[in-house]
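Peer 1: Mapped onto numbering that gives the first Met the number 0, the consecutive letters of the sequence shown carry residue numbers 0 to 475.
Input: one structure, supplied below.
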Amino acid sequence: MLKKLPSLTFILGNLVVLAGLALLAYLGFYNRYWADDWCYSADARQMGTIPATLQYFDTEKTGYSSNRYALTFFSALTENTLGMFGNQLVATLTILLWLGGLFWVGWNLSRLLKPLPLNLILLAAGLLLFYNLYLSPQRFQILYWRSGVLPYSTAVIFWILLLGFVTQQMIAPKRWFNYIVAPLAFIAAGLGEISATFIFSGTTLLLIAAWIYRKQDWAQKSLQTIFVTWLFLLLGMVALIVSPSNARVANMDVQQSSLLSVPFTSLKHGFAFILLSLKGLPLPHAVFIGLMTSLGLLSVNEPKSGLSLKRVAVLLAFSTLITYLLIVAIQAPSAYFYSATPDPRGQSLARFTLLLGLGFMAWLVGLWLAENFSGKWVMIGAAVVMLAGLAYTTRNIRTIYGELDGFVYRAQIWDERDAIIAEAKSQGIMLVEVPAIDTAEIHTRDMFGSTGKGWTQFSENCGARYYGVDGLKVKQ
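So this is what it looks like as C-alpha cells:
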C-alpha cells in the first residue's frame, strides 16, 4: 500500500486540479466582447483580416495598438472565422494549450534528466497553471478578455511551445524544427511589448547557458534552434518598435523615463512585486510551495541521484536570480513608457514567473529531502501535506464557482442588448439606446467608458461600428 501511495496521490491531485481548470474553462462560454474587443472586431468586419492587420503601417488612431501585428491578426481572424463562438472558446483553448505546453516541456526534461511518471508531470503542470490563474492580479483579462489574453497569456503559450521544440531538440534533434520556431518566435513577439521583452529575456538567458555549456550534448543539439528562436524574437521586437503606428505614442500625455533610469526603476519594481506578492498572499503561495515540495518528495525512486546540499544551494541561488531577472524584465517596458509598474494584466506574467521559480525551487528541496531523509514516515508526511494542499485547492475551486452567477448575468444582459440593437436596425433606427452592463466585478469596461459620452448622448464608438449603426447610448 505504501508503494502505491505516491501514484494514488498523483491521481487524486490530477482529478482536483483538472476539475478546477475545467471550471475556469466553462466560465468562458458565458463570456462576450468587452472594451478593445469591439474595436478589433469592428475593423475585422469592416476591413477584413489582412487589411486590419496592415494598419501596422498607418499612423491614424484605431482605438488599439496596431503595431502589435500578431495581436491584430489573431483578433481579426477569430472574428471573421468563428465570430462570438471563437471568443467563447478563448478560455478553453488558453487552458488546453498552456497545460499541454507545460506538460510537453516537463516530459522532455524528464526524458533528458530523470524519467518521471506522466501523471506526476501532468499534476505539476496543472498545479502551476491553476495557481497562476487563481492568483493572477487580473484573472478575467488574461483568461477571458480576448484583447488581454492574446498579448499576455497567448504570448506565454507561444514561448512554452518554443521551449517544447528546444527541449525536444536536446533529445532527438531535427533540423526542420528551425523552420517552425522561426515564424512562431516572430509571431510571439508581435503580440505585445511586455510579453515580447519577457520571452526575449528568458530566451537570452537560455542562449547564454547553452553557449557556456556548448560542449555538452544537450547544448550541442539545441544551440542552433535556441539561436534561431532568439533571433526571430529580436526581429519581432524590432518590428514592434519601428511600426509607423507608434506615432500615437508621441501624442499620449505620458512622461517617459530616460533609458539610463529604466534598469534601476525595473529592479525596484521587480523587488516590490515579489515582496507584495508574498506578503499580500502568504497562504496560497505557502500552499503551492508545500504542494510542489511534496511532489519532489514523492517523485524519488531508486536509484538516487546523489544531490548534495552544496549543489542544491547553488541551484537555489541561480533559480532565485533568474526568477528575479525575468520579473525585472517584465517591469522594463512600463518603466520606460509610463514611468510606472505594469497594469495588473501585465503583472500576470510576473506572477507566472514567480510561481514557476518557487515551484522549481520547492521541487528541488523535496528531491533533496527525499534522498537524505528516507523512511515511510517521510513519504506519509509528504502525502499528508499534499492532501491538505488539495483540500485548500478544492476550497479555491468553490470560490471560483461562486463567480458563475456574475458570468451568467452579464451574458444575459449582453444578449438582450444584442437583440435590441438588431431589432432597432431592422426597423431602420440607427440611434439606439441600450441597457448598461455592470462590469465592476471583472474590472473591464464595456463598450462605453465609465463616464462621459455614451452615457449622456449618442456616440459612434467601436460598438456602434461593430453593429453598423450611427450611435449608441446607455438607457437612463
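All residues carry an ideal CB built from backbone N, CA and C; glycine is no exception.
Might you give, ordered along the chain, the residues of its own chain that have their beta carbon closer than 6 Å to the beta carbon of T228, omitting 5 neighbours on each side?
Peer 2: L161, V180, A184 and T202
Peer 1: What span of residues does the beta strand (DSSP E) with H431 cover, start to end?
Peer 2: A small fix is needed here, since residue 431 is Val in this sequence, not His. Run containing V431: L430 to V433, per the beta strand (DSSP E) assignment.
Peer 1: To test your reading of the DSSP string, which unbroken alpha helix (DSSP H) runs of 4 or more residues are found completely within the region 259-338?
Peer 2: 261-279, 281-297 and 308-336
Peer 1: I think I326 touches A349, with their Cβ atoms under 8 Å apart; what is that distance to the nearest whole Å?
Peer 2: 5 Å
Peer 1: Only counting runs of 4 or more residues, tell me where the alpha helix (DSSP H) segments fall wholly within the region 68-114, in order along the chain.
Peer 2: 68-80, 83-87 and 89-111
Peer 1: Assuming G269 contacts Y323 (C-beta within less than 8 Å), just tell me the rounded distance between them.
Peer 2: Right, their Cβ atoms sit about 6 Å apart.
Peer 1: Report the rounded CA-to-CA distance for T224 versus L234, giving the unit in angstroms.
Peer 2: 15 Å
Peer 1: Could you say which of T319, M385 and V473 lies nearest to L477 if we only look at CA atoms?
Peer 2: Since the first residue shown for the chain is 0 and the last is 475, residue 477 is missing from the structure and cannot be characterised.
Peer 1: Starting from K2 and walking both ways along the beta strand (DSSP E), at which residues does that stretch end?
Peer 2: Careful: K2 lies outside any beta strand (DSSP E) and carries neither H nor E.
Peer 1: Would you give the residue range spanned by the beta strand (DSSP E) that V473 belongs to?
Peer 2: G470 to V473
Peer 1: Let me know if A195 comes out buried or exposed under the rule of 16 or more other beta-carbons within 10 Å of its beta-carbon.
Peer 2: buried
Peer 1: Looking at K220: is its Cβ nearer than 8 Å to the Cβ of Q140?
Peer 2: no
Peer 1: Let me confirm a value: N371 is counted as buried when at least 16 other C-beta atoms fall within 10 Å, else exposed. Which label applies?
Peer 2: exposed
Peer 1: What would DSSP say about S40, mapped onto helix, strand or coil?
Peer 2: When DSSP states are grouped into helix, strand and coil, S40 belongs to the helix group.
Peer 1: Which residue wins for smallest C-alpha separation from Y391, given the options L290, S6, G365 and A361?
Peer 2: L290
Peer 1: Does the separation of the CB atoms of L282 and G365 fall below 8 Å?
Peer 2: no
Peer 1: Looking at C-alpha atoms only, which residue of T61, D469, T52 and Q87 is the closest neighbour of A410?
Peer 2: Q87
Peer 1: Could you tell me the boundaries of the alpha helix (DSSP H) in which W413 lies?
Peer 2: L403 to S425
Peer 1: To the nearest angstrom, how far is it from the Cα of L230 to the Cα of D437?
Peer 2: 45 Å
Peer 1: Run the CB neighbour count on L29, radius 10 Å, all protein chains shown included, and call it buried at 16 or more, exposed below.
Peer 2: One point to set straight first is that residue 29 is Tyr, not Leu, in the sequence displayed. With 16 or more other Cβ atoms within 10 Å, it is buried.
Peer 1: Just to confirm my understanding: we take L17, look at its own chain, exclude 5 residues before and 5 after, and list those with CB closer than 7 Å. What are they?
Peer 2: G125
Peer 1: What first and last residue would you give for the alpha helix (DSSP H) that runs through W229?
Peer 2: D216 to V241
Peer 1: If you draw a straight line from the alpha carbon of V148 to that of V433, how long is it in whole angstroms?
Peer 2: 27 Å
Peer 1: Straight-line CA distance for R310 to T61?
Peer 2: 53 Å
Peer 1: Indicate whether N131 and I10 have their beta-carbon atoms separated by less than 8 Å.
Peer 2: no
Peer 1: How big is the Cα-Cα spacing for D36 and Y63?
Peer 2: 9 Å
Peer 1: Once you ignore the five residues that flank L96 on each side, which residues in its own chain have a CB closer than 6 Å to its CB?
Peer 2: Sequence-distant Cβ neighbours of L96 in its own chain, meaning closer than 6 Å and more than five residues away, are I156.
Peer 1: Distance, Cα to Cα, G358 vs A334?
Peer 2: 27 Å
Peer 1: If we require 4 or more residues per run, which alpha helix (DSSP H) segments fall completely within the region 124-190?
Peer 2: 138-142, 154-170 and 177-188
Peer 1: What is the DSSP secondary structure of S373, reduced to helix, strand or coil?
Peer 2: coil
Peer 1: My guess is that L112 and L20 are in contact by the Cβ rule of under 8 Å, so how many angstroms apart are they, rounded?
Peer 2: Actually they are not in contact, since the Cβ atoms of L112 and L20 sit about 26 Å apart, beyond 8 Å.
Peer 1: Between which two residues does the alpha helix (DSSP H) carrying I436 extend?
Peer 2: Where I436 is concerned, there is no enclosing alpha helix (DSSP H), given that its DSSP letter is neither H nor E.
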